[in-house]
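Enquirer: Just passing along the structure, written as structure tokens.
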Amino acid sequence: MWITDWTSRAACRNADPDALFVQGAAQNRAKLICRGCPVRTECLADALDNRIEFGVWGGMTERERRALLRRRPDVTSWRDLLAAAKEEYERNLERSKELIAG
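Going by the working numbering, the first residue of the sequence shown is number 3, and it counts up by one from there.
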């Protein structure tokens, strides 16, 4: 399920915002905040669709996001693409749980 009010559920909502706008090796520490975040995909889609240039968003640095945008210039809506991928992942997860449960 896609969460539109993702900012209120973000793992970083109570973190110091400056911790996400760092450079160099500190970016790897900032990315740890995103690990396990329930709205990581929504955050990343927002950053990609809005071409946010600075900071760690959705677990990706600005350099990583720029590289992704260059590799996929055909994507017109990252929200649509990532929402579809997330829904498919969740469906497959449910099927796996049903198979395990018997």
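Think of the CB as a built atom: it goes at the ideal place given N, C-alpha and C, for glycine as much as any other residue.
If you run the structure through DSSP and keep just helix, strand and coil, what is W59?
Expert: As a working note, residue 59 is residue 57 in the sequence shown. Three-state result, W59: strand.
Enquirer: In this structure, how does DSSP classify N94 when only helix, strand and coil are distinguished?
Expert: As a first step, residue 94 must be located in the sequence shown, where it is residue number 92. Correct three-state label for N94: helix.
Enquirer: Does the beta-carbon of M3 have 16 or more other beta-carbons within 10 angstroms, so that it is buried, or is it exposed?
Expert: Numbered from 1 along the sequence shown, position 1 holds the residue referred to as residue 3. Flag for M3 reads exposed.
Enquirer: Excluding sequence positions up to five away, which residues of its chain have a Cβ less than 6 Å from the Cβ of A85?
Expert: In the sequence shown, counting from the first residue as 1, residue 85 sits at position 83. Excluding positions up to five away in sequence, the list reads W4.
Enquirer: Let's test the definition: count the other Cβ atoms within 10 Å of the Cβ of R73 and tell me whether it reaches 16, buried, or not, exposed.
Expert: For the purposes of this step, residue 73 is identified with residue 71 of the sequence shown, where counting begins at 1. The residue in question, R73, is exposed, as its Cβ has fewer than 16 Cβ neighbours within 10 Å.
Enquirer: Once the 5 residues before and after T43 are set aside, which same chain residues still bring their CB inside 6 Å of it?
Expert: The residue you call residue 43 lines up with position 41 of the sequence shown. Same-chain partners within the cutoff: L84, K88.
Enquirer: Please report the Cβ distance between D51 and R11, rounded to the nearest whole angstrom; I am assuming they are in contact, meaning their Cβ atoms lie under 8 Å.
Expert: Reading the sequence shown from its first residue, position 49 is the one you call residue 51. Reading the sequence shown from its first residue, position 9 is the one you call residue 11. That belief does not hold up - the Cβ atoms of D51 and R11 are roughly 18 Å apart, past 8 Å.
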